[in-house]
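A short worksheet on the structure shown next.
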Amino acid sequence: MSNLGGISVIFDLDGTLVDSEPNYYEAGRQTLAEHGVPDFSWSEHERYVGISTLETVTDWKARYGLRASVEELLAAKNRRYLDLARASTRAYPEMRKFVELLASDGVAMAVASGSSREAIEAVLAGTGLDAQLRTIVSAEEVEHGKPAPDVFLEAARRLGAEPADCVVLEDAAPGAAAAHAAGMRCIAVPYVAAQAGAPEFATAGLLLRGGQQEFTARAAYEWLAAGGGATLSRSRWSCLA
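Position in the sequence shown counted from 1, then plus 2, gives you my numbering.
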């Protein structure tokens, strides 16, 4: 039996398990440039971190007055992203170690992401994480994307786990909000440092304001083993890390 008891762990993908945001930005920049928006910046991209691609392009259409349909924009962005993702997506080393540690302990795991299923599968296969992470849920498969809890609740259902027994790892405020709405605990590892003070992150059981630079596999495992926040203080995290 796992040392973590009946805990199941659900990972967000982009910005949490893998550093895919640069690829999403470049795919978005190219798509918008093709449709007459030549100066899409990284700071503008940051407002879309944590929400689905469908919601992103829907907002683009309204914000920039694009003539193309949402379906056309979605297909164009996904096509460009997949080309970039297959060529180069880097898994965060400590997250990879954490997945391997959980797998060796027999912990049930899933990926729940706003990306398309095709993109999730491509990234997991390209990084080799598909060997441990076989249960995946795309926002395309549920009614509402994050910050609604749908993807996390569906992941729990597929794992055969109760929401209260699930711990989510997230890098974005909408994802932290979704975990809270699902009744799940959350380890928040903000991708955008300036957003670490967002109220959605205040609901996290553990907030690592330093993002991936602060996260370590061993400390995360020990936090879960100690009860997922029930007995392990945030100051103790610093000692473990």
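All C-beta atoms, glycine included, are put in the ideal place defined by N, C-alpha and C.
query: In the DSSP output, what is V170 paired with across the bridge?; result: I12, C188
query: Output yes or no for whether 8 Å exceeds the beta carbon distance between V153 and G147.; result: yes
query: I need the boundaries of the beta strand (DSSP E) containing I138, first residue and last residue.; result: 138-140
query: Got a sec, what are the start and stop residues for the beta strand (DSSP E) V113 sits in?; result: 110-115
query: Report the option in A198, A227, A141 whose CA atom is closest to the CA atom of L15.; result: A141
query: Determine the burial state of T233: buried for a count of at least 16 other Cβ atoms within 10 Å of its Cβ, exposed for fewer.; result: Any answer about T233 is weak, because its pLDDT of 36 lies below 50 and its placement is not dependable; what the coordinates show is given next. Label assigned to T233: exposed.
query: Are the CB atoms of M251 and T18 nearer to each other than 8 Å?; result: Residue 251 is absent from the structure shown; the chain starts at 3 and stops at 243.
query: Which whole-angstrom value is the C-beta distance of V20 and A127, which I expect to be below 8 Å?; result: With 8 Å as the limit, V20 and A127 do not qualify as a contact, their Cβ atoms being about 12 Å apart.
query: For A221, count neighbouring C-beta atoms within 10 Å of its own C-beta (all shown protein chains included) and say buried if the count is 16 or more, exposed if not.; result: buried
query: Between C168 and S10, how many whole angstroms is the CB-CB distance? I'm expecting something under 8 Å.; result: 5 Å
query: Quick one: Cα of D107 to Cα of A219, how far?; result: 13 Å
query: Return the bridge partner residues of A121 from the DSSP annotation.; result: Paired residue(s): none; A121 is not in a bridge.
query: Starting from H47, trace the alpha helix (DSSP H) in both directions and tell me its first and last residue.; result: 44-47
query: In whole angstroms, what separates the C-alpha of L84 from that of S54?; result: 15 Å
query: Using CA atoms only, rank isn't needed, just tell me which of L68, A105, L104, A174 is closest to R49.; result: A174
query: Under 8 Å by Cβ, that's how I've got S22 and V125 pegged, so tell me the actual separation to the nearest angstrom.; result: 6 Å
query: With distances taken Cα to Cα, identify the nearest neighbour of L34 among R69, G8, E156.; result: R69
query: Compare the Cα-Cα distances from E46 to each of G212, P149, E28 and report the closest residue.; result: E28
query: Could you have a look at V20 and say whether DSSP puts it in helix, strand or coil?; result: strand
query: Could you check the C-alpha separation between K79 and A228 for me, to the nearest Å?; result: 42 Å
query: Inspect the beta-carbon positions of L171 and V191 and report whether they are closer than 8 Å.; result: yes
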